[in-house]
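Only one structure is covered here, and it is reproduced in the block below.
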Amino acid sequence: AAESPVIVSREGRVGRIRLNRPKALNALDAATMEAVVAAAVAFDADPEVGAILLLGSEKAFAAGADIKEMKDKDGSEMYAADWFRRWEDLTRLRIPIVACVQGYALGGGCELAMMADVLVAGRSAKFGQPEITLGVLPGMGGSQRLTKSVGKAKAMDMVLTGRMVEAEEAERMGLVSRLVADEDAVATAEEVAATIAGFSKPAAMMNKEAVLNAFETPLTQGLVFERRVFHGLFSSADQAEGMAAFAEKRPAEWTHR
Ligand code: HXC
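Set out below in structure tokens:
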């Protein structure tokens, strides 16, 4: 049997998905896409899991969508398959996703990293949208998510020249949440994921939902949405527990309800 394109495991309340196509620099073919998304969907629904950690290898987070798999397809095939549509399911999940990026995060790899909620990068990380060099454009959200994340000037520079951006510049432009030494990247990402997973799951999900909502709505509506979600959380057991624990100077014991 072919080796699985992802390695899925769980550590405490963190669900871990590691891309595992080292010979192809974790190029994201259809089987990898399906495996990543299916694992993430299962973690999202699992009450024992509070955050997802998504990792590649030291050399590459992912060097893009699989070019060899796509190269001979025609437009009607791509349309009929709605190529890349399945990634949308990953972006609909409510559980927070932490990505750990070392080495190449190019094309679909950069786009996958941008689907995560917190992006931890080692200094070796290199981000790019080189699709223009292949005669195409980003197809997994790069032209949209990159622009919303770093603004027009940097997004245009990246998609129109296809250049790779080093980790330091990526952090300066707001693409990266935390930039750390390579040897600390995995441990830092694990710690971030464990921290998030250690909170009340509904609270974490609603925090994520509220931040993502900022990309979809005008400020006035977004603020109303935030306030309503905030009010709604006062019917949760974890709100009562969290605030009682603060007043009683003890750690909260979340029931994730
Ligand atoms: C398929 C890939 C791949 C990819 C690397 N490989 N990237 N296979 N799809 N995206 C394969 C190589 O063909 C090679 O296979 C093996 O991985 C190792 O890669 P090398 O090129 O030998 O490694 P290196 O010289 O270290 O160069 C690393 C690299 C280069 C700079 C990252 O591989 C590269 O430029 N890759 C393509 C990056 C890219 O254009 N990504 C965007 C893809 S398009 P063999 O069999 O030769 O050993 C995309 C969105 C498309 O993501 C949206 C529109 C449809």
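Going by the numbering used here, 235 is the number at position 149 of the sequence shown; the sequence numbering is gapless. Glycine included, C-beta positions come from ideal geometry on N, C-alpha and C.
Query: Reduced DSSP secondary structure (H/G/I, E/B, other) of F285; Result: coil
Query: Residue burial classification, Q188 (beta-carbon count within 10 angstroms, cutoff 16); Result: buried
Query: Distance cut-off 6 Å: D356 Cβ against heavy atoms of the ligand HXC; Result: As shown, the chain starts at 87 and ends at 343. That puts residue 356 outside it, with no answer to give.
Query: Simplified DSSP state of V135, which is helix, strand or coil; Result: coil
Query: 3-residue-minimum beta strand (DSSP E) runs that sit fully inside the segment 171-226, ordered along the chain; Result: 183-187, 190-192, 204-208 and 212-214
Query: The ligand HXC heavy atom lying under 6 Å from the CB of D168; Result: no
Query: Extent of the continuous alpha helix (DSSP H) to which G161 belongs; Result: G161 to A167
Query: Residues near R107 by beta carbon distance below 7 Å, same chain, minus five either side; Result: P91, A113 and T118
Query: Between the CA atoms of Q215 and V176 - distance to the nearest angstrom; Result: For the record, residue 176 in the displayed sequence is Leu; it is not Val. Those two C-alpha atoms are separated by around 20 Å.
Query: H317 to E257 span [Cα, whole Å]; Result: 34 Å
Query: 6 Å Cβ shell around T233 - same chain, five flanking residues per side excluded; Result: A241
Query: Spatial distance of A211 from D132 (CA atoms); Result: 31 Å
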